[in-house]
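For what it's worth, the UniProt record's numbering labels the leading residue of the sequence shown as 1, then goes sequentially.
Here a beta-carbon is modelled for each residue, glycine too, at the ideal position from N, C-alpha and C.
Report on the following structure.
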Amino acid sequence: MDNAALRQSWSQFSAAGPEAAKYFYATLFVVSPEARSMFPTNMQYQEDKLLAALGHIITSLDDPEALTAFAQRLGADHRRFHGHDQRGNPVVLGERHYIWVGQALLATLERFLGPYFTPALRAQWAAAYELVAKMMLDGAAEAERSSPPHWEAEVVTAERRRADIMVFTVRPNYLCNYRPGQSLPVQVPQLRTWRYLSPANAPRADGTIEFHVRAAGRFSTYLVRRLRAGERLLLGHPTGSALSSYDRSPHLPLLLIAGGTGLAPLRAVVEAVQQGAGRRTTLVVGGRTPDDLYDEAALSRLAAMPPAAGWQHTGTGWLRYVPTVETGWGWQGAIGRAGDTAVRLGPWADTEILVCGSPEMTRETVAMLVRAGVAPEQILTESYDHSLYPPLAEAGAVGPRDFSGTGAR
1 MDNAALRQSW
11 SQFSAAGPEA
21 AKYFYATLFV
31 VSPEARSMFP
41 TNMQYQEDKL
51 LAALGHIITS
61 LDDPEALTAF
71 AQRLGADHRR
81 FHGHDQRGNP
91 VVLGERHYIW
101 VGQALLATLE
111 RFLGPYFTPA
121 LRAQWAAAYE
131 LVAKMMLDGA
141 AEAERSSPPH
151 WEAEVVTAER
161 RRADIMVFTV
171 RPNYLCNYRP
181 GQSLPVQVPQ
191 LRTWRYLSPA
201 NAPRADGTIE
211 FHVRAAGRFS
221 TYLVRRLRAG
231 ERLLLGHPTG
241 SALSSYDRSP
251 HLPLLLIAGG
261 TGLAPLRAVV
271 EAVQQGAGRR
281 TTLVVGGRTP
291 DDLYDEAALS
301 RLAAMPPAAG
311 WQHTGTGWLR
321 YVPTVETGWG
331 WQGAIGRAGD
341 TAVRLGPWAD
351 TEILVCGSPE
361 MTRETVAMLV
371 RAGVAPEQIL
381 TESYDHSLYP
391 PLAEAGAVGP
401 RDFSGTGAR
């Protein structure tokens with residue numbers, strides 16, 4: 001393949017931005033009407049993801065190993081997409097859909113490149129797409145040998161902790177393995193939308209998974225206002241390599257800083273530490289008012305529990321739990337933002353630090369820590385922003401870190 005020609009034409013094509021993505025999907029849905037039901041009603045973020053994925057593939061052409069790994073992961077993840085044909089029969093993503101996607105891509109390139117899209121360039125793009133499609137199909141076939149496309153999960157409990165926060169537990173139809181700190185794509189079938197949510201518990205013997213969600217967009221608002229026990233959700237495969245690396249230096253203390261429902265993956269980490277031999281851990285949970293500390297009872301119980309394998313350090317507990325608020329009448333605890341409180345509790349030399357909250361909270365907290373002398377390589381944070389495909393966020397991060405924040409919308 002002529003990688004230089006592909007990159008040059010991609011540069012021209014990508015200048016069209018969202019208009020090109022809209023044209024691509026419109027063409028795809030004409031060629032394959034059944035594909036429309038595999039996508040959400042609002043296609044804005046899907047269009048962004050398409051352009052980002054294509055751009056990453058083009059920039060990886062000179063690195064076959066990275067390209068293969070990304071394309072195979074993409075193919076494995078795409079197994080969860082499903083829909084219905086025009087007669088209402090269920091349809092799963094298959095090889096024919098890859099053929100139709102290729103046709104739509106070539107038609108879109110021809111539309112936006114015009115006379116520059118010569119027969120020779122068309123042949124280059126066709127060959128490149130065929131190569132990537134084969135990698136994706138290989139990735140899907142490999143994943144099929146060891147895992148399902150997705151899990152069906154029944155909602156066991158649904159508890160509204162505040163007007164805008166729901167804590168709910170699901171039971172997958174069979175075991176869904178994940179590491180504390182990771183996230184799972186979750187779908188409400190009625191919305192045909194996947195969003196990333198982080199389990200708030202370490203893996204349990206009964207396989208149940210707890211999620212925390214705050215109403216901030218259509219998906220999360222649906223969960224907060226309408227989710228009930230007995231409903232069924234779909235779960236995709238776990239993702240995320242930063243927060244789940246909390247045990248990369250198990251001999252070092254841990255500092256966990258959470259804001260809002262960013263608490264969820266950090267509580268899962270704390271549970272995992274408690275289930276082991278223990279590890280000196282400080283958990284700072286911040287909110288504007290005491291009402292924001294929606295999981296106070298569960299965290300207080302967790303702080304009172306000894307590690308399962310025993311705690312060898314006498315005189316001190318393994319977990320220091322520090323709730324902190326910016327303002328609160330009669331509040332007897334720490335005052336200030338979570339990052340401010342964490343800095344005051346320092347110094348944090350030779351400490352692994354995990355930060356999880358809104359994008360703004362995450363950026364501010366990381367900046368505070370760095371100004372206080374914390375080395376950036378000590379800090380782990382991750383993004384599950386619904387507008388990003390997680391492997392792309394991981395690929396774009398320096399090392400295992402992504403300071404852009406977390407949250408479902």
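Secondary-structure assignment with DSSP links S183 through a beta bridge to T239. With distances taken between CA atoms, V270 lies nearest to G181 out of T261, E364, G181. By the beta-carbon neighbour count (other beta carbons within 10 angstroms, threshold 16), S9 is buried. Closest in alpha carbon position to F29, among F219, P90, M43, S198, is M43. V273 and T282 do not touch by the CB rule: their CB atoms are close to 11 Å apart, not below 8 Å.
Short of 7 Å from the beta carbon of W331, and not among the five residues preceding or following it, lie these beta carbons of its own chain, in chain order: P290, V325.
For L252, no beta strand (DSSP E) run applies, since DSSP gives it neither H nor E.
A Cβ-Cβ separation of about 10 Å leaves R195 out of contact with F211 under the 8 Å criterion.
Residues of the same chain with a CB within less than 7 Å of the CB of R162, apart from the 5 flanking positions on each side, are D291, Y294 in chain order. Look at the UniProt domain "Globin" (1-141) and you find these whole runs of beta strand (DSSP E), each 3 residues long or longer: 82-84, 90-92. With respect to the C-alpha of A215, the residue from L223, T208, I209 having the closest C-alpha is L223. Cβ-Cβ distances below 6 Å link A107 to T27 in the same chain, with the five nearest sequence neighbours on each side left out; the list follows chain order. Pairing D164 with R228, the inter-Cα distance amounts to about 15 Å. M166 sits in a strand when the DSSP states are folded into three classes. Looking at S32, A140, L54, the one whose alpha-carbon comes closest to that of A76 is A140.
T261 sits in a helix when the DSSP states are folded into three classes. Non-local beta-carbon contacts of Q378 in its own chain, meaning distances under 6 Å to residues more than five positions away in sequence, involve I353 in chain order. Taking the Cα positions, L74 is about 10 Å away from A133. Annotation: the continuous alpha helix (DSSP H) that includes T362 extends over 359-371. Under DSSP, no beta-bridge partner is assigned to P149. Minimum Cα-Cα distance from P172 among the listed residues R288, V370, G236, S146 corresponds to G236.
A buried status is given to Y98, since no fewer than 16 other beta-carbon atoms sit within 10 Å of its beta-carbon. Fewer than three pairs of CB atoms, one per stretch, sit closer than 8 Å, so the segment 34-43 makes no contact with the segment 107-121. DSSP, read as helix, strand or coil, puts G333 in coil. Here I335 is exposed, its C-beta having fewer than 16 other C-beta atoms within 10 Å. Taking the C-beta atoms as reference points, L50 is found no nearer than 8 Å to F81.
When only Cα atoms are considered, A205 and A16 end up about 51 Å apart. Non-local beta-carbon contacts of L256 in its own chain, meaning distances under 6 Å to residues more than five positions away in sequence, involve L266, L283, L354 in chain order. Per DSSP, G339 is not a residue of any beta strand (DSSP E); the alpha helix (DSSP H) it occupies stretches across 338-345.
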